[in-house]
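Everything on this sheet refers to the single structure shown next.
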């Protein structure tokens, strides 16, 4: 029903605020074009009172990072009884904690990289595992705080123990997987398609690769063999369902095909609030599957609910 009043939640106060503003604007504009009544809500600490007064039919969650995708805003919306898009409280909290999400998807047979959780100060003087490995905050998005430790590096990166580090004291140390960066979008109970991300002038798919125009090249659909393509779709759907995601999610993978075409496929994480900016992957993958941006967003609005 296109006469629904949709509150698009954007901005917020995480380090991913600029991304959320961009996502939220794109979504609000497109939903208006689809015929919905849209109110843009720049989320602050008093968002509960704002929404209680606004009384929208649906909240479209375009927030990124802590508060927006860790189960917090989802809990507020549950309390207010406002149907909302994307995953619910539990799935959002689990997916935001990379280590917990890995444990769950591993239990259903999805291959993950060897990893350990540590206090950042405990690993600043001695390698926690043999390089190469990756250090990442356990609960951040958009590649914030990701550090790659190369083979042959004599000591851990000093930034991890410095006062400049602002991503919490708990980090995940994960075996570095060589190979190609692949991602798969899931819409409801359907794995839409697989896209390869080729960073342009960056060593990996970092913040600029994700959100700066020209920061990465997207090969959509990914040029991999049909069996690998299908395998990644199957694993993405398995991860989506195991974590308990709803609506739209996106799973990221590494595919090491240096030694054979079958190679090694490893799941990295599931994103319950994938970006909806002009350079984002999910709208591009959906378009290749035959869903326009407006159709994708309309489906998400109609799919919104509580008790997710």
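Numbering (the working numbering), first residue to last: 7 to 314.
All C-beta atoms in this analysis are idealised placements derived from N, C-alpha and C, irrespective of residue type, glycine included.
Per DSSP, which one or two residues make a beta bridge with residue i?
| i | result |
| --- | --- |
| residue 273 | 118, 259 |
| residue 282 | Answer is none; residue 282 lacks a bridge partner. |
| residue 48 | 16 |
| residue 224 | 203 |
State the DSSP-derived secondary structure class of residue i, mapped to helix, strand or coil.
| i | result |
| --- | --- |
| residue 201 | strand |
| residue 249 | helix |
| residue 154 | strand |
| residue 312 | coil |
| residue 173 | coil |
| residue 144 | coil |
Does the Cβ-Cβ distance between residue i and residue j come in under 8 Å?
| i | j | result |
| --- | --- | --- |
| residue 69 | residue 79 | yes |
| residue 259 | residue 272 | yes |
| residue 100 | residue 288 | no |
| residue 48 | residue 71 | no |
| residue 280 | residue 298 | no |
| residue 66 | residue 13 | yes |
| residue 292 | residue 198 | yes |
Please classify residue i as buried or exposed, where buried requires at least 16 neighbouring CB atoms within 10 angstroms.
| i | result |
| --- | --- |
| residue 127 | exposed |
| residue 186 | buried |
| residue 189 | buried |
| residue 313 | exposed |
| residue 160 | exposed |
| residue 58 | exposed |
| residue 206 | exposed |
| residue 164 | exposed |
So, for residue i: in the same chain, excluding its five sequence neighbours on each side, which residues have a beta-carbon less than 8 Å away from its beta-carbon?
| i | result |
| --- | --- |
| residue 157 | 137, 138 |
| residue 20 | 26, 69, 70, 71, 72, 73, 74 |
| residue 171 | 126, 151, 165 |
Grab me the residues of residue i's own chain with a C-beta within less than 7 Å of its C-beta, minus the 5 sequence neighbours each way, in chain order.
| i | result |
| --- | --- |
| residue 124 | 134, 177, 179 |
| residue 103 | 144, 145 |
| residue 228 | 188, 200, 201, 202, 235 |
| residue 231 | 267 |
By Cβ distance below 6 Å, which residues in the same chain neighbour residue i in space, the five residues on each side in sequence not counted?
| i | result |
| --- | --- |
| residue 251 | 93, 97, 278 |
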